[in-house]
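Just so we're aligned: 188 in this note's numbering is position 34 of the sequence shown, and the numbers increase by one with no gaps anywhere.
Ideal placement from N, C-alpha and C gives every residue a C-beta, glycine not left out.
The structure presented is a predicted model; accordingly, all values stated were derived computationally and were not measured.
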Amino acid sequence: VSVRKEEKGRPRRVEGAVKPGWKILVIDDLIASGETMSSACGAVRQEGAEVRDAAVLIDRLEGGRERLARNQVKLHPLTDILELGDALFAENTIAKEDLNAIVTQVGGRASKP
């Protein structure tokens, strides 16, 4: 199943077979504010499927987890931007200034939920 951001001349946003009552895991490469993923979850729910969970490779820590939670969807990230930044810095791939910019962008470091 694939969910389009907009219908763009297509009859439906959700492409593929979705049956009422199916449990669907929404998957994307990353999440920032969560607007796009929340919209995708809503589109799948409109088709009658159930969405409780979403998975991403990277959580940019910009409020996406919280937005999904307000819609009763639990986020399962593989990693987040801080962990990724730390790993890149440890491998000398990015400079300390770049790591600091990442930390500043997300508003500092907080404990994980």
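- At a Cβ-Cβ threshold of 8 Å, residue 211 and residue 183 count as neighbours.
- Nearest neighbour of residue 178 by Cα position, chosen from 202, 158, 189, 166, turns out to be 202.
- Between residue 235 and residue 170, the alpha-carbon positions lie close to 32 Å from each other.
- Exposed is the label assigned to residue 174, since fewer than 16 other Cβ atoms lie within 10 Å of its Cβ.
- Shown here, residue 159 sits in coil according to DSSP, grouped into three states, outside any helix or strand.
- By the Cβ-count criterion, residue 232 is exposed, with fewer than 16 other Cβ atoms from all chains shown falling within 10 Å of its own Cβ.
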